[in-house]
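As structure tokens, the structure follows; a few thoughts come after it.
Protein chains: 4
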Amino acid sequence: MSHHKIAIVVGSLRKDSINRKIARSIATFAADRLDSRIVEIGDLPLYNQDYDAEAPGPPEYARFRDAIRAVDGVLFCTPEYNRGIPGVLKNAIDVGSRPYGASVWDKKPAAIVSASPGAIGGFGANHQLRQVCVFLNMPMMQQPEAYLGGVTPDKFDADGCLQEGPLRQFVVGFAAAFSEWVELIIRSRKMIAEDAAHSAAK
Amino acid sequence: MSHHKIAIVVGSLRKDSINRKIARSIATFAADRLDSRIVEIGDLPLYNQDYDAEAPGPPEYARFRDAIRAVDGVLFCTPEYNRGIPGVLKNAIDVGSRPYGASVWDKKPAAIVSASPGAIGGFGANHQLRQVCVFLNMPMMQQPEAYLGGVTPDKFDADGCLQEGPLRQFVVGFAAAFSEWVELIIRSRKMIAEDAAHSAAK
Amino acid sequence: MSHHKIAIVVGSLRKDSINRKIARSIATFAADRLDSRIVEIGDLPLYNQDYDAEAPGPPEYARFRDAIRAVDGVLFCTPEYNRGIPGVLKNAIDVGSRPYGASVWDKKPAAIVSASPGAIGGFGANHQLRQVCVFLNMPMMQQPEAYLGGVTPDKFDADGCLQEGPLRQFVVGFAAAFSEWVELIIRSRKMIAEDAAHSAAK
Amino acid sequence: MSHHKIAIVVGSLRKDSINRKIARSIATFAADRLDSRIVEIGDLPLYNQDYDAEAPGPPEYARFRDAIRAVDGVLFCTPEYNRGIPGVLKNAIDVGSRPYGASVWDKKPAAIVSASPGAIGGFGANHQLRQVCVFLNMPMMQQPEAYLGGVTPDKFDADGCLQEGPLRQFVVGFAAAFSEWVELIIRSRKMIAEDAAHSAAK
């Protein structure tokens, strides 16, 4: 397995975000196969299509788009706000998808974790985000689904990493499945491209 | 019928937004029954839950929340971004829903228009927004659904109002249905409250 | 308050369905304001549009459509099957919605309960059903949302009614809210119709 | 490329179903790479979980499950009924997913076409089905999305195949993309399994 580069996008800006802690935990658990880092979204101006006509647009947009363009896959870790995707996360997605025809999300394998202290574990945000990723053409890991409910601060140690227990076990498994998904998509795409080149050369 | 106050929230910031023009057209068509005005969302900082602990938080938040609190009903006019609610609109909704327990959306009758130049008319954004409004406890007009497809600039006159034609006719009907829906919810709620007061007084 | 007639449609056919028990519990809790009965769906042939051209189509269709046509409102109590509406329930809805222009669901106020033994409480089925009810033009109660998780057989007594406890308390509140919602929609619609008749008579 | 076996499941029972015609057209267009056949669903009794306790349950269930179990991938061609998945299609999916732990859908690569005479092209059914396929663990082709609007009978020739024109061109491209998606998922999974066997043998 190669060591793929992953951008983690966290759907909450608050300092003690549990989704940020989940993100860091996954980065740690998959560190032997994935090179993951959180790409920040809190400084992105609200997307306005009029920016697309300007070159180059807000510098924060360029910074964000470059960071996503540079990776092999994307992991979203997000809370649910009002049964939907947090506006702050959707804004980042909108920024990355534009200008028209230059989306930085295209073809990147992805997975979604939604975590919350409540029982439902962000199901609504998770699936609204899946709908968005269809349009973005991001091959999406289906299983395991990760609606993480009951994620309270005591689930983490002082360093913000998941404590031993069923939640940690599940997240370790999720991290392994995600790295396999990224490997599957990227490697087979390469193989198919090589086949095509081979056929053309005959 | 009383003359209810309506906030229109437009899901696009661009200057020539067709959804803004649709919004203005509806405000005009319903002017004899509804007192509608667009409440702006382009200056709202990205929502961060840490603001909730601060008093009073960003002044733009207070301005927006006050504006929504003051109305009897809400109309959303929005494009679809990447098969979902534009981040900029969802951010405004998130801002209005907080701090916890102080949502300004609660109980306000609402309707949704999604307009786009394409064929599908923002179906994805429309229904993701409906899901959000369940949590926000906004009684939602069901019919007519307004997935306005093929909404190109030539559908509007120089003042930005809808030209004669089937689209205008549909939107006129939509505006009438919306004003009836607002009237129905507000008046019956008042009536039920009066009944309750009457019963209690006996 | 008048005593409105309610059809309860249960999304599971199995004998010991917990959603059927929840349905019966709600019927009992609201018995002073609503006259509720379960309308069966297990005998309905799979919907085929070719039936619409035949008169009168399958007799089970006529029986079901008559039963729904006769009520003032509808309560759906359903499990989630594979993150969606059970096929058996959707089939009944499709049957009731046809032939084109003769839907029996039109304008009937409605509410949805989704119950499951798992944590997520049928969120996916609940919201897919809400999307369907937009098209069916059924004014939908927004709050309280009822994603009933952890609904195991021991939550019910020998007669299949909810035992004392937080779940029962929640469902009692839900039943009260639903009867208010039905009353609100039906009474105000009547009032508005009377106003219109009054205006026309002048 | 190997010649993968594909089950096409059509979400409408009516004789002149346009989705059945689209299904046949795709089977024809991809015939050099995929061996596709329609698996019928019109005879499946409504799913009842009580059947799972019986061995072997309705013979139609066994027939359907065997047919899906035998294929490498699945294509859904479906209309939208009331903004959702037709009950008849969802019933087939529910049947195939059970008994618990023996789903026949598991891991099969899939794609969705939704066709309708209207403008919106079954967007609602398409995405509700995508949500279901997450749980079913079916790797789903993201692009091209196929919300086929304006699909009227005159789009087909006397044999029920798509006439020359933009719709046919789109569907030809869709068929090619689907066969690549199936190849990608199946071949890479095999490769990863071989790697694992190789590592284990060392």
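Protein chains in written order, with this note's numbering: chain A, -9 to 192; chain B, -9 to 192; chain C, -9 to 192; chain D, -9 to 192.
We put the beta carbon where it would ideally sit given N, CA and C, even for glycine.
Problem set entry | Alpha-carbon spacing of A136(C) relative to G111(A), whole angstroms | Pairing A136(C) with G111(A), the inter-Cα distance amounts to about 15 angstroms.
Exercise. The alpha helix (DSSP H) spanning I12(D) covers which residue range?
Worked result: Here the alpha helix (DSSP H) through I12(D) covers I8 to F19.
Problem set entry | DSSP state of K235(A) mapped onto helix, strand, coil | Limits of chain A in this structure are -9 at one end and 192 at the other, which puts residue 235(A) out of reach.
Exercise. Do the CB positions of I(-2)(D) and I28(D) come within less than 7 angstroms of each other?
Worked result: A Cβ-Cβ contact shorter than 7 angstroms links I(-2)(D) with I28(D).
For this session: Quickly, what does DSSP pair C68(D) with across the bridge? List them, please.
Result: Here the sequence assigns Thr to residue 68(D), which means Cys is not the residue at that position. As a beta-bridge residue in DSSP terms, T68(D) pairs with S104(D).
Exercise. Does A13(D) come within less than 7 angstroms of chain B when only Cβ atoms are used?
Worked result: Interface annotation, A13(D): not in contact with chain B, CB-CB separation never under 7 angstroms.
Exercise. Smallest Cα separation from Q132(A): which of G140(A), L119(A), P143(A) and G139(A)?
Worked result: When each option's Cα is compared against that of Q132(A), the closest is L119(A).
Exercise. Within this structure, are the beta carbons of I31(A) and A105(A) separated by less than 7 angstroms?
Worked result: No, Cβ-Cβ distance for I31(A) and A105(A) is not below 7 angstroms.
Exercise. Three-state secondary structure (DSSP) at L36(D)?
Worked result: In the three-state DSSP reduction, L36(D) falls in the coil class, being neither helix nor strand.
Problem set entry | D40(B) at chain A interface by Cβ criterion, 7 angstroms | Yes, D40(B) counts as interfacial toward chain A.
Exercise. Cα-Cα, which of H(-7)(D), A13(D) and L3(D) is closest to A101(D)?
Worked result: Per the C-alpha coordinates, the member of H(-7)(D), A13(D) and L3(D) positioned closest to A101(D) is A13(D).
Exercise. When we look at the beta-carbon of T68(C) and count the other beta-carbons within 10 Å, is it buried (16 or more) or exposed?
Worked result: Taking all protein chains shown into account, T68(C) has 16 or more neighbouring C-beta atoms within 10 Å of its C-beta and is therefore buried.
Problem set entry | Residues near S2(A) in its chain [Cβ-Cβ closer than 6 angstroms; skip 5 each side] | Taken in chain order, the residues that qualify are N9 and P69.
Problem set entry | D62(D) vs H(-7)(D) beta-carbon contact at 7 angstroms | In this structure, the beta-carbon distance from D62(D) to H(-7)(D) does not fall below 7 angstroms.
For this session: Take every Cβ of the segment 80 to 99 of chain A, pair it with every Cβ of the segment 139 to 159 of chain A, and state whether three or more of those distances are shorter than 8 angstroms.
Result: Taking a contact to require three or more Cβ pairs closer than 8 angstroms, the segment 80 to 99 of chain A and the segment 139 to 159 of chain A do not qualify as touching.
Exercise. DSSP on K180(D), reduced to helix/strand/coil?
Worked result: DSSP places K180(D) in helix when its eight states are reduced to three.
Exercise. Which word fits A191(C), buried or exposed, when buried means at least 16 other C-beta atoms lie within 10 angstroms of its C-beta?
Worked result: Around the beta carbon of A191(C), fewer than 16 other beta carbons lie within 10 angstroms, which makes this residue exposed.
For this session: May I ask which residues mark the beginning and end of the alpha helix (DSSP H) holding R73(A)?
Result: Counting along the chain, R73(A) falls outside any alpha helix (DSSP H), and DSSP gives it neither H nor E.
Exercise. To the nearest angstrom, how far is it from the Cα of P46(D) to the Cα of T142(A)?
Worked result: When rounded, the separation of the alpha-carbon atoms in P46(D) and T142(A) is 45 angstroms.
Exercise. At a CB-CB cut-off below 8 angstroms, which residues of chain B make contact with L174(C)?
Worked result: Ordered by position in chain B, the residues that pass the 8 angstroms Cβ test against L174(C) are I175, S178, R179 and I182.
Exercise. What residues of chain C sit near H117(B), judged by a beta carbon separation below 7 angstroms?
Worked result: Q121, listed in chain order.
Exercise. Three-state secondary structure (DSSP) at D147(D)?
Worked result: Looking at D147(D) - three-state DSSP - the assignment turns out to be coil, as it is neither helix nor strand.
For this session: Label S189(B) either buried or exposed according to how many other C-beta atoms from any shown protein chain fall within 10 Å of its C-beta, with 16 as the threshold for buried.
Result: Flag for S189(B) reads exposed.
Problem set entry | Length-filtered (4 minimum) alpha helix (DSSP H) runs lying within the segment 149 to 173 of chain D | Listed in chain order, there is nothing to give.
Exercise. Mind checking A183(A): buried by the 16 CB within 10 Å criterion, or exposed?
Worked result: By the neighbour-count definition (other C-beta atoms within 10 Å, threshold 16), A183(A) is an exposed residue.
For this session: Tell me, to the nearest whole angstrom, how far the beta carbon of R55(D) is from that of V94(D); I am working on the premise that it is less than 8 angstroms.
Result: Right, their Cβ atoms sit about 5 angstroms apart.
Problem set entry | First through last residue of the alpha helix (DSSP H) which encompasses V141(D) | Per DSSP, V141(D) lies in no alpha helix (DSSP H) segment and is marked neither H nor E.
Exercise. Can you tell me whether DSSP reads V(-1)(C) as helix, strand or coil?
Worked result: Residue state, collapsed to three classes: strand.
Exercise. Can you name the residues that DSSP bridges to I28(A)?
Worked result: Listed as beta-bridge partners of I28(A) by DSSP are I(-2)(A).
Exercise. Going by Cα to Cα distance, which pick from K98(D), G140(D), M128(D) and N116(D) is closest to A109(D)?
Worked result: Nearest Cα to A109(D) within the set K98(D), G140(D), M128(D) and N116(D): G140(D).
Exercise. How about R4(B) and Q121(A): are their beta carbons less than 7 angstroms apart?
Worked result: Contact: no.
Problem set entry | Contact list for the segment 87 to 102 of chain C against chain D, Cβ threshold 7 angstroms | Among the residues of the segment 87 to 102 of chain C, those with a Cβ less than 7 angstroms away from any Cβ of chain D are S87, in the order of the chain.
Exercise. With a CB to CB cut of under 8 angstroms and the five nearest residues on each side skipped, what residues in its chain are close to Y37(A)?
Worked result: Once the five neighbours on either side are set aside, the close Cβ partners of Y37(A) are N81, D84, V85 and R88.
Exercise. What's the call for G155(C), buried or exposed, on a 16-neighbour Cβ count within 10 Å?
Worked result: Answer is exposed; the Cβ neighbour count stays below 16.
Exercise. Rounded to the nearest angstrom, how far is the Cβ of V162(C) from that of F19(C), given a contact under 8 angstroms?
Worked result: F19(C) and V162(C) do touch by the CB rule: their CB atoms are close to 5 angstroms apart, below 8 angstroms.
For this session: Check whether the Cβ of N81(C) lies closer than 7 angstroms to any Cβ atom in chain D.
Result: Yes, its Cβ sits closer than 7 angstroms to a Cβ of chain D.
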